[in-house]
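Note that the sequence shown covers residues -20 to -1, 1 to 238 in mature numbering (1 follows the signal peptide of the UniProt record, and there is no 0).
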Amino acid sequence: THHASLLCLALRRALRRARALYGPITDLLALTPHAPPLARPHSDCAFDAFLLFDQMPNPFPAPAASFQGMHRSFVGLKNHLDLRLLRARRRRRLLRCATRGSGTCLIACTTGAAIAGLVLATHAITVLLAAASACTASRGCCCPAAASMKRLQQHMDRLDAAARGAYVLNNDVDTIERLVGRLHATVESDKLLVRLGIERGRGQHHTIEEVVRQLRKNHPSLLRQLADLEEHICLYFAAVNRVRLLLVNHLSAPSVPD
């Protein structure tokens, strides 16, 4: 979660750089008319905006191994928690068997005492005292088992919550990875478009008009992608704080043998 949080903080900075990168384009689209032809001042303004846009690098990284490393980490964490949960479930089954065995012992002691009481009527008081002692001992054996079962169930609940949290975080990282990949491709596409206008030269009004038209068409989609990425980064930070709290609670709780 630490490395994923650092990456998300870097992506927050990338969002700010992206808005700065598209600042001249946004201003250009607000100033120029929607329908061609562009006036000469508007065409020159567009060309200057193209130059500014071309000078700044793409703020979003290409899909890289950093995301894959985080995926492996979250999957490994979930598998580790699932394995411990499986061991805890096996231990719970053993405890249940032991508890049922203690219950059977209690019934056997009570039944034996009753039979002995019928046979040895002259010693009824002695037999009842013996039965009471046996039952008390059996209940004493059951009480620790019940307490262990309760602690084990709490341990399992914490493991299950932490495992589900790791699964959610992995899905969040996967969504962020896809959004970053789309934004990287969108910016690269706009840069290719702008370079085409720059290569044709300042005086090519028709080419500049076509580039502006395409940028205007692409701009709403870009803004939505930026907003989506920002939203999912905020959701990730909220989720990672919940998972960290679950893991801290799990680690600070009294240990239960696997």
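Glycine included, C-beta positions come from ideal geometry on N, C-alpha and C.
>> Considering Cα atoms alone, identify which of T6, L75, A(-17), R(-9) is closest to K197.
In response: For this step, residue 197 is matched to residue 217 along the sequence shown. The candidate whose alpha carbon is nearest that of K197 is T6.
Would a check of beta-carbon distances place M36 closer than 8 Å to chain D? Absent here is chain D; the protein component of the structure consists of one chain.
Whether or not the segment 198 to 211 and the segment 160 to 170 are in contact is what I'm after, with contact meaning three or more pairs of Cβ atoms, one per stretch, closer than 8 Å; do they touch?
Taking one beta carbon from each stretch, the segment 160 to 170 and the segment 198 to 211 have 3 or more pairs nearer than 8 Å; the two touch.
According to DSSP, is P43 helix, strand or coil? Position 63 of the sequence shown, counted from the start, is the residue given in the question as residue 43. In the three-state DSSP reduction, P43 falls in the coil class, being neither helix nor strand.
Can you tell me whether A142 is buried or exposed? The criterion is at least 16 other CB atoms within 10 Å of its CB, across all chains shown. Within the sequence shown, the letter at position 162 stands for residue 142. Counting Cβ neighbours within 10 Å, A142 comes out buried, since at least 16 surround it.
Quiz item: Alpha carbon to alpha carbon, how far is I188 from S23?
Solution: Counted from its first residue, the sequence shown places residue 188 at position 208. Counted from its first residue, the sequence shown places residue 23 at position 43. Annotation: I188 to S23 spans about 7 Å, alpha carbon to alpha carbon.
* Give the C-beta separation of A(-17) and P4 to the nearest angstrom, bearing in mind that I take them to be a contact with Cβ-Cβ under 8 Å. => For the purposes of this step, residue -17 is taken as the residue at position 4 of the sequence shown. For the purposes of this step, residue 4 is taken as the residue at position 24 of the sequence shown. Not quite, the Cβ-Cβ distance comes to about 33 Å (not below 8 Å), so this is no contact.
Which runs of the alpha helix (DSSP H) spanning at least 4 residues fall entirely within the segment 134 to 182, listed in chain order? Runs of the alpha helix (DSSP H) inside the segment 134 to 182: none found.
Q: For R13, I'd like the list of residues in its chain whose CB is within less than 8 Å of its CB, leaving aside the five on either flank, ordered along the chain.
A: Locating residue 13 in the sequence shown gives position 33, where the first residue counts as 1. Before going on, a small fix: residue 13 reads as Pro here, not Arg. Here the set comprises H22.
Alpha carbon of G177 to alpha carbon of V191, nearest angstrom: To locate residue 177, count along the sequence shown from 1; it is residue 197. To locate residue 191, count along the sequence shown from 1; it is residue 211. Cα to Cα, G177 sits roughly 6 Å from V191.
Three CB pairs or more closer than 8 Å across the segment 52 to 66 and the segment 203 to 217: By the Cβ criterion, the segment 52 to 66 is not in contact with the segment 203 to 217, since fewer than three pairs of Cβ atoms, one from each stretch, lie closer than 8 Å.
Q | For G97, three-class secondary structure by DSSP | A | Position 117 of the sequence shown, counted from the first residue, corresponds to residue 97. Bear in mind that the predicted position of G97 carries a pLDDT of just 47, short of 50, making it unreliable; the figure below should be weighed with that in mind. Here DSSP, grouped into helix, strand and coil, assigns G97 to helix.
* Asked: In chain order, what residues of the same chain lie with their CB nearer than 7 Å to the CB of D208, ignoring the 5 residues before and after it?
  -> Numbered from its first residue, the sequence shown carries residue 208 at position 228. For D208, where only same-chain residues beyond five positions count, the Cβ hits under 7 Å are L159.
Under a three-way DSSP split, which group does H14 fall into?
The sequence position of residue 14 within the sequence shown is 34, counting from 1. Coil, per DSSP.
Nonlocal neighbours in the same chain, by C-beta distance under 6 Å from E157, ignoring five residues either side:
Here residue 157 refers to the residue found at position 177 of the sequence shown. Cβ neighbours of E157 within its own chain (closer than 6 Å, five residues either side excluded): F47.
Practice prompt. Output the distance between the C-alpha atoms of L203 and C(-13), rounded to the nearest integer angstrom.
Written response: On the sequence shown, position 223 is the one that residue 203 refers to. On the sequence shown, position 8 is the one that residue -13 refers to. L203 and C(-13) have their C-alpha atoms some 19 Å from each other.
Check: Quick one: what's got a C-beta closer than 6 Å to G161's C-beta in the same chain, skipping five residues either side?
Finding: The count along the sequence shown starts at 1 and reaches residue 161 at position 181. If we look at G161 and ignore the five residues flanking it on each side, its Cβ neighbours are P43.
Only counting the same chain, and skipping five residues up and downstream in sequence, which positions put a Cβ closer than 6 Å to that of P17? What you label residue 17 is simply residue 37 of the sequence shown in a count that begins at 1. Counting only Cβ-Cβ distances below 6 Å, and skipping sequence neighbours, we find nothing.
Could you check which residue in R70, L74, F40 has the C-alpha nearest to that of A(-11)?
The residue labelled residue -11 in the question sits at position 10 within the sequence shown. Ranking the options by Cα distance to A(-11), first place goes to F40.
### Query
Roughly how many angstroms lie between the CA atoms of Q205 and L163, to the nearest whole one?
Position 225 of the sequence shown, counted from the first residue, corresponds to residue 205. Position 183 of the sequence shown, counted from the first residue, corresponds to residue 163. C-alpha of Q205 to C-alpha of L163: approximately 7 Å in a straight line.
Legend entry - With 16 other Cβ atoms within 10 Å as the buried cut-off, status of K58: Residue 58 sits at position 78 when you count from the first residue of the sequence shown. Under the 10 Å beta carbon count, K58 is surrounded by 16 or more other beta carbons and is classified as buried.
**Message:** Below 8 Å on the Cβ atoms is my contact criterion, and I expect G145 with L226 to pass it. Report the Cβ-Cβ distance as a whole number of Å.
**Reply:** Working through the sequence shown from its first residue, we reach residue 145 at position 165. Working through the sequence shown from its first residue, we reach residue 226 at position 246. Confirmed, about 5 Å.
Drop a sphere of 10 angstroms on the beta-carbon of C77, count the other beta-carbons inside from all chains shown, and report buried for 16 or more, exposed for fewer.
Taking the first residue of the sequence shown as 1, we reach residue 77 at position 97. Answer is exposed; the Cβ neighbour count stays below 16.
Quick one: give me the first and last residue of the alpha helix (DSSP H) that A(-3) is part of.
Translated into the one-based positions of the sequence shown, residue -3 becomes position 18. First-last of the alpha helix (DSSP H) with A(-3): -19 to 1.
field: Spatial distance of R70 from A(-7) (CA atoms)
entry: Here residue 70 corresponds to residue number 90 of the sequence shown, with the count starting at 1. Here residue -7 corresponds to residue number 14 of the sequence shown, with the count starting at 1. Each residue's alpha carbon lies about 48 Å from the other.
field: Separation of R(-9) from residue 240, as counted between CA atoms
entry: Residue numbering for the chain in the displayed model covers -20 to 238; residue 240 lies beyond these limits and cannot be assessed.
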